[in-house]
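Below: one structure, written as structure tokens.
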Amino acid sequence: MNEVKDAGLYPTGMSGRIEMRTPDEVSAMLALKSCGWGTKRIAAELGCSPNTVKRWIAEGGWRGMAPVTRRKSLDGLEDWIVERFRQHGGNADVVRQELAAEKDVVVSLRTVERAVAHRGILWRDTAIRGHRIRGTGILNNELYIGRLVWNRLRYIKDPETGRRVSRLNPKEEWITTEVPELRIIDETLWDEVKHRQGEIDADPRVQSIKATRFWEQRRQTHLLTGLLRCGCCGGGFAAVGRDYLACSAARKLGTCTQKRSYRRAELESLVLDLLRRRLMQPEAVAAFITAYGEEINAGRASQAADRARLEAEQATVMRRLDGLYDAIADGLRTPGLKEKLTSLEDRRAELDAALSAPAPSPVRLHPNLSEIYRRKVMALAETLADPEIRTTALDTIRGLINAITVHERSDGTTVELEGAITAMIELAQPEAGKSLDVCSVKVVAGAGFEPAAFRL
Ligand SMILES: [Zn+2]
Numbered sequence: 001m002n003e004v005k006d007a008g009l010y011p012t013g014m015s016g017r018i019e020m021r022t023p024d025e026v027s028a029m030l031a032l033k034s035c036g037w038g039t040k041r042i043a044a045e046l047g048c049s050p051n052t053v054k055r056w057i058a059e060g061g062w063r064g065m066a067p068v069t070r071r072k073s074l075d076g077l078e079d080w081i082v083e084r085f086r087q088h089g090g091n092a093d094v095v096r097q098e099l100a101a102e103k104d105v106v107v108s109l110r111t112v113e114r115a116v117a118h119r120g121i122l123w124r125d126t127a128i129r130g131h132r133i134r135g136t137g138i139l140n141n142e143l144y145i146g147r148l149v150w151n152r153l154r155y156i157k158d159p160e161t162g163r164r165v166s167r168l169n170p171k172e173e174w175i176t177t178e179v180p181e182l183r184i185i186d187e188t189l190w191d192e193v194k195h196r197q198g199e200i201d202a203d204p205r206v207q208s209i210k211a212t213r214f215w216e217q218r219r220q221t222h223l224l225t226g227l228l229r230c231g232c233c234g235g236g237f238a239a240v241g242r243d244y245l246a247c248s249a250a251r252k253l254g255t256c257t258q259k260r261s262y263r264r265a266e267l268e269s270l271v272l273d274l275l276r277r278r279l280m281q282p283e284a285v286a287a288f289i290t291a292y293g294e295e296i297n298a299g300r301a302s303q304a305a306d307r308a309r310l311e312a313e314q315a316t317v318m319r320r321l322d323g324l325y326d327a328i329a330d331g332l333r334t335p336g337l338k339e340k341l342t343s344l345e346d347r348r349a350e351l352d353a354a355l356s357a358p359a360p361s362p363v364r365l366h367p368n369l370s371e372i373y374r375r376k377v378m379a380l381a382e383t384l385a386d387p388e389i390r391t392t393a394l395d396t397i398r399g400l401i402n403a404i405t406v407h408e409r410s411d412g413t414t415v416e417l418e419g420a421i422t423a424m425i426e427l428a429q430p431e432a433g434k435s436l437d438v439c440s441v442k443v444v445a446g447a448g449f450e451p452a453a454f455r456l
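Following this line, the structure appears as structure tokens:
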């Protein structure tokens, strides 16, 4: 059910940036070149620039990206850090302070945690820091000072995402019970922590960030938000800085080895490109046209059956009316007869009206259905660039995809796409979507991306 496409983002050892192309495309370039095709003709056929073709041909074949090795500030200190973690009962912040004091290495709390995460110390920084007002996190747990607080938070379900989210209850609704026998932290230490938290809060940098009330702004939805999966650990991707995405477990916990980050725009264009190719595979077009035709035919068939039923009823009504007319002509007069006659004549008028509408015409699909489909699919990227329809287009395209899994291999990056054909049909033919709402055909994987898909 998946399609796999190899796509190196950038090849190694090349000066300047070269447009990302798949290994299949690069071998297609070389094959066409050896058939005597010119650079421009190859570029037009593959939908890329002549320069891209020229450079790939000069390269002589597809090459993946070399893994980046960077010197890390904690290199060689791992055992020392683990030892300190044991000493301080897993308190990463103390280890961080000692690193700065004794080893002159200043790093973030998260960096320290990451360095030892694979040794079984798996707390995220937020497990310690938590949220001061909400009373979450180790530093805010009032149970440690012998105070039990109930009803501080209530949980509601976000109708859009289906996620359970917490909301703070008004303070007067909290129920607090003193349980001094459970206290494990003395008041002085607790107060020091609260004082320190207050200082951090009062920091101008923190204040200026809070002043923006960033949490109230609706963040822009990106094409890939929530859809990316790590091919190594199966976990989700998270934003790293402004424009990059990476495996969240690898970055935050160090439990995954796929540490590489990907530029968002590059992954997006890779996915759009794959989607376009995937949807343009002959079997996908054929499946669309078949499904559309079948649905229309089914609709027509049920209309025809309705009509036949009405015609049969019309014949029966006529026959019974004829019998009644005969009886009246023969001099039969009863109160019940008059009533029966009126009701049958009313029904006959209804049936005549219903049957006077034209009979359904035989199925005629638009002769250019595959062409319309092709144009809509090819325009995916342009649609996304148009600010007027961006939101709608984004929803539609995201609807095509269930999950995108990113694998990092020695020969390059592989993106695996799972998508549903239902939304694809909706995209190509909005009115078809309505009649196909029960359609649940999944995109069936081909043997991968083949040159045939782009008319070679
Ligand atoms: Zn991972």
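Just so we're aligned: 317 in this note's numbering is position 317 of the sequence shown, and the numbers increase by one with no gaps anywhere. Each residue gets a CB set at the ideal place from its N, CA and C atoms; glycine is no exception.
Beta-carbon proximity list for residue i, same chain, < 6 Å, skipping 5 on both sides
i, result
"R348", "V317"
"A265", "none"
"W62", "P23, V26"
"P430", "Because P430 carries a pLDDT of 46, less than 50, the predicted location of this residue cannot be relied on, and the following value inherits that uncertainty. Excluding positions up to five away in sequence, the list is empty."
"L324", "L341"
"L321", "L344"
"Q314", "L351"
"V105", "S73, L99"
"A354", "L310"
"I503", "The displayed coordinates of the chain run from 1 to 456. Any statement about residue 503 would go beyond what the structure contains."
"E408", "Q258, R260"
"V444", "Residue confidence is low: V444 scores 29 on pLDDT, short of 50, so the model does not pin down where it sits. Its coordinate-derived value is still stated next. There are no such residues."
"V179", "G146, L148"
is_contact[residue i, chain B] using C-beta, thresh 9 Å
i, result
"L223", "Among the chains of the structure shown, chain B does not appear; only one protein chain is present."
Any non-hydrogen atom of ligand 1 within 8 Å of residue i CB
i, result
"G234", "yes"
"A298", "no"
"A403", "no"
"Q258", "yes"
"A249", "yes"
"C230", "yes"
Counted within 10 angstroms of its Cβ, other Cβ atoms place residue i as buried (16 or more) or exposed
i, result
"P335", "exposed"
"P214", "With the sequence shown as reference, residue 214 is identified as Phe, and Pro is not the correct amino acid for it. Exposed: under 16 other Cβ atoms inside 10 Å."
"T188", "exposed"
"Y262", "buried"
"T413", "buried"
"K210", "exposed"
"E113", "buried"
"R96", "buried"
"A308", "exposed"
"R196", "exposed"
"L46", "buried"
Residues near residue i by beta carbon distance below 8 Å, same chain, minus five either side
i, result
"I133", "L168"
"F237", "L224, L228, R229, C230, L245, A246, C247, S248, V406"
"V206", "I200"
Residue i, enclosing alpha helix (DSSP H) - first and last residue
i, result
"S343", "335-356"
"E181", "Here E181 belongs to no alpha helix (DSSP H), and DSSP marks it neither H nor E."
"I42", "39-46"
"F85", "78-87"
"K54", "50-59"
"L30", "23-34"
Residues of its chain near residue i, where Cβ-Cβ distance is below 7 Å and the 5 sequence neighbours each way are ignored
i, result
"E142", "G135, V149"
Beta strand (DSSP E) segment containing residue i, residue limits
i, result
"T405", "401-409"
"S208", "Where S208 is concerned, there is no enclosing beta strand (DSSP E), although the alpha helix (DSSP H) it sits in stretches over 204-211."
"V240", "237-240"
"V116", "Premise fails: V116 lies in the alpha helix (DSSP H), 109-117, not in any beta strand (DSSP E)."
"R96", "Here R96 belongs to no beta strand (DSSP E); instead the alpha helix (DSSP H) covers 92-98."
"K157", "153-157"
"A246", "244-247"
"W150", "147-150"
"C230", "228-230"
"V165", "164-168"
"R263", "261-263"
Quick test of the definition: if touching needs 3 or more C-beta pairs under 8 Å, does the region 32-39 touch the region 48-57?
yes
Is it a yes or a no for the region 95-109 touching the region 163-179, going by three-plus beta-carbon pairs under 8 Å?
no
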